[in-house]
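Participant: Here it is, the structure in full.
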Amino acid sequence: MNPSLSRRFVQPLIFGLRRMPVLACLPRIDGSQWADATAVHQRQLQRLDELVRHFRSADPVYERLLRAAGADDVKIRDEADLVRLPILERSHLRELADGIRQRGRGRHPRFSVRLTGGSTGAPAAVLIDPAASAMSLAARVICQRWHGLELGHRQVRLWGRPPASGHLRASLKDWLLNRMSLDSLALEPPQLARSLARVSRFGPEYLYGYTSLIQLFAERIPSGQLAGILHRLMAAVCTSETMLAPQQAQLERALGCPVVEEYGCSEVDIIAYQCPAGGRHVVGENVLVETHRDGDEPDGYGQVLVTDLNNRVMPIIRYRLGDLAPLERPRCSCGRGWPCLGPVLGRSQGQYIQAPGRGLVHSQMVVYLVERLVAKGVGISRFKIIQDEVDHLRIALVPSDQTSFDLAGLGAFFRREGQAVLGPDMTWTVEQTTSEMLERGRINKFQHFESRIVS
Ligand SMILES: [Zn+2]
Numbered sequence: 006m007n008p009s010l011s012r013r014f015v016q017p018l019i020f021g022l023r024r025m026p027v028l029a030c031l032p033r034i035d036g037s038q039w040a041d042a043t044a045v046h047q048r049q050l051q052r053l054d055e056l057v058r059h060f061r062s063a064d065p066v067y068e069r070l071l072r073a074a075g076a077d078d079v080k081i082r083d084e085a086d087l088v089r090l091p092i093l094e095r096s097h098l099r100e101l102a103d104g105i106r107q108r109g110r111g112r113h114p115r116f117s118v119r120l121t122g123g124s125t126g127a128p129a130a131v132l133i134d135p136a137a138s139a140m141s142l143a144a145r146v147i148c149q150r151w152h153g154l155e156l157g158h159r160q161v162r163l164w165g166r167p168p169a170s171g172h173l174r175a176s177l178k179d180w181l182l183n184r185m186s187l188d189s190l191a192l193e194p195p196q197l198a199r200s201l202a203r204v205s206r207f208g209p210e211y212l213y214g215y216t217s218l219i220q221l222f223a224e225r226i227p228s229g230q231l232a233g234i235l236h237r238l239m240a241a242v243c244t245s246e247t248m249l250a251p252q253q254a255q256l257e258r259a260l261g262c263p264v265v266e267e268y269g270c271s272e273v274d275i276i277a278y279q280c281p282a283g284g285r286h287v288v289g290e291n292v293l294v295e296t297h298r299d300g301d302e303p304d305g306y307g308q309v310l311v312t313d314l315n316n317r318v319m320p321i322i323r324y325r326l327g328d329l330a331p332l333e334r335p336r337c338s339c340g341r342g343w344p345c346l347g348p349v350l351g352r353s354q355g356q357y358i359q360a361p362g363r364g365l366v367h368s369q370m371v372v373y374l375v376e377r378l379v380a381k382g383v384g385i386s387r388f389k390i391i392q393d394e395v396d397h398l399r400i401a402l403v404p405s406d407q408t409s410f411d412l413a414g415l416g417a418f419f420r421r422e423g424q425a426v427l428g429p430d431m432t433w434t435v436e437q438t439t440s441e442m443l444e445r446g447r448i449n450k451f452q453h454f455e456s457r458i459v460s
């Protein structure tokens, strides 16, 4: 589709149909990025204060958490007030979501549900306010403009998991949004030549996706063909996984365009975005980010706590993401007032399963199967996927309560559904374990996939 046609008509129509006033949010986000840094922070605290007051009266679960933390009377004026608020863990999200569902939709006739937990192995549902979704989408529009990208520009999306909707619906969505989606299987030799021919015909103006998949994509294009296939490329936006500085520089050389890091999570969507001067700016109009030390963190690092300033359906306030960031906040020369965040640690990267006869498949494809079980009501609090043989995967699950899993039924589910992703030659074992067992031998507590294959 012509980018200008997509930008001017199709995308506004989609926002309208989804009843999300994204375009109306643009001036607010655009103005906020250039405000004075102190004013941005003061406004964040003021809005957080309003948010806490709102949930104190609207959400009995949050009100109880405030009371337990001795913060039921707190008024947020500065950092000292802010740190009195309870830190929310993923288990709290489950409790908050259950409470809202039990109370019914009366107060919130519209919200969307997102499943979260892929990167830390403890799935939960998050209820998203449509106003918060619109502000996140608007933030992405503004941040992409920093790099010359507009709504409707042709996007090749390199994603590690299947679309949430059916294949036909996903293809229609891609066409309407002027994008083409590729997964790791599309970059493996049996499909590679066909995929590259499709990309070449499509002529992407930017790449968006998992860092490791964009890297794999760059490596798989024969060097003589790169300029021809990507002749319109203006930028590559890497998300979901850690990107190290040397890796970013190497990708920029390989692709011949700026490579930009987007930092976000499914609970609040976009958190920070790299500007052309290299600063990772927190989207100050939407989120408040703290780096908090519990004591176990490496020197100079703190836990990332995020607050969604727009979600009035479910409180995402001082929520522990499971990532680590430097305590020292870098400054950026670009003049934007939004605060900066140093390079984040803790995100998985390049976690691929070797599927017999198929090549590399991103481990998110199997995480998605676990999330489907959670959506069906199976009480899984944590999990780990271990590839211990070329043709064998172990799925270790921790129950969310005292009950025992139906291991035979779960084994049948993974064999049946997993076959479509990893082929018929992969064998599966499902086992029940405990959190303590899962911790043992873990290289990194945020890791959900481990490969024990010697390559
Ligand atoms: Zn900047």
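Per the numbering used here, residue 6 is the first one in the sequence shown, and the count goes up by one each step. The C-beta atom is built at its ideal place from N, Cα and C for all residues, glycine as well.
Specify the secondary structure class of CYS148 as computed by DSSP and reduced to three states.
Facilitator: Looking at CYS148 - three-state DSSP - the assignment turns out to be helix.
Participant: Does ligand 1 have even one heavy atom less than 8 Å from the beta-carbon of GLY284?
Facilitator: Checking the Cβ of GLY284 against ligand 1 gives yes.
Participant: Run the CB neighbour count on PHE14, radius 10 Å, all protein chains shown included, and call it buried at 16 or more, exposed below.
Facilitator: It counts as exposed.
Participant: Using only the heavy atoms of ligand 1, determine whether one of them is closer than 8 Å to the beta carbon of SER37.
Facilitator: Every heavy atom of ligand 1 is 8 Å or more from the Cβ of SER37, so no.
Participant: Please state if the CB of HIS367 and the CB of SER461 are separated by a distance shorter than 9 Å.
Facilitator: Coverage of the chain is limited to positions 6 through 460, which leaves residue 461 absent and any answer about it impossible.
Participant: Roughly how many angstroms lie between the CA atoms of PHE454 and LYS389, to the nearest whole one?
Facilitator: One C-alpha to the other measures close to 6 Å.
Participant: Among ALA76, LEU142 and ARG457, which residue has its Cα nearest to the Cα of LEU156?
Facilitator: Among ALA76, LEU142 and ARG457, the Cα nearest to that of LEU156 is on LEU142.
Participant: In terms of DSSP beta bridges, what is THR296 paired with?
Facilitator: For THR296, which the question treats as bridged, DSSP gives the partners VAL309.
Participant: If we require 3 or more residues per run, which beta strand (DSSP E) segments fall completely within the stretch 68-125?
Facilitator: Here the runs fully enclosed are 117-121.
Participant: Can you find the residues in the same chain that come closer than 7 Å, C-beta to C-beta, to GLN49, ignoring five residues on each side of it along the sequence?
Facilitator: If we look at GLN49 and ignore the five residues flanking it on each side, its Cβ neighbours are GLY289, LEU293 and LEU314.
Participant: Measuring only from the beta carbon, is CYS345 closer than 8 Å to any heavy atom that is part of ligand 1?
Facilitator: Yes; taking the cut-off as 8 Å, the Cβ of CYS345 has a heavy atom of ligand 1 nearer than that.
Participant: Using CA coordinates, which residue listed in ALA360, GLY342, GLU94 and PRO263 is at the minimum distance from ARG237?
Facilitator: Comparing Cα-Cα distances from ARG237 to each of ALA360, GLY342, GLU94 and PRO263, the minimum goes to PRO263.
Participant: Anyone know if the C-beta pair for LEU398 and VAL371 falls short of 9 Å?
Facilitator: Yes, the Cβ-Cβ distance between LEU398 and VAL371 is below 9 Å.
Participant: How far does the beta strand (DSSP E) with GLY269 in it extend, from its first residue to its last?
Facilitator: GLY269 -> beta strand (DSSP E) spans 264-270.
Participant: For ARG341, is the beta carbon positioned less than 8 Å from some heavy atom of ligand 1?
Facilitator: Because some heavy atom of ligand 1 lies under 8 Å away, the Cβ of ARG341 counts as near it: yes.
Participant: With distances taken from CA atoms, which of ASP179, HIS172 and ALA129 is nearest GLN16?
Facilitator: Comparing Cα positions, the closest option is ASP179.
Participant: Beta-carbon separation of ALA102 and LEU90 under 9 Å?
Facilitator: Going by C-beta atoms, ALA102 is not nearer than 9 Å to LEU90.
Participant: Reducing DSSP to helix, strand and coil, say where PRO195 ends up.
Facilitator: Three-state DSSP puts PRO195 in a helix.
Participant: With burial defined as no fewer than 16 other Cβ atoms inside 10 Å of the residue's Cβ, what is the status of GLU266: buried or exposed?
Facilitator: GLU266 should be labelled buried.
Participant: Please list the terminal residues of the continuous alpha helix (DSSP H) segment that includes PRO331.
Facilitator: Unbroken run through PRO331 is the beta strand (DSSP E), 324-331; no alpha helix (DSSP H).
Participant: Going by C-alpha distance, which of GLU422, LEU120 and ALA29 is nearest ALA130?
Facilitator: Of the candidates GLU422, LEU120 and ALA29, the one whose C-alpha sits nearest the C-alpha of ALA130 is LEU120.
Participant: Excluding sequence positions up to five away, which residues of its chain have a Cβ less than 6 Å from the Cβ of MET442?
Facilitator: None.
Participant: So what does DSSP say about TRP180, is it helix, strand or coil?
Facilitator: The answer is helix: DSSP assigns TRP180 an H, G or I state.
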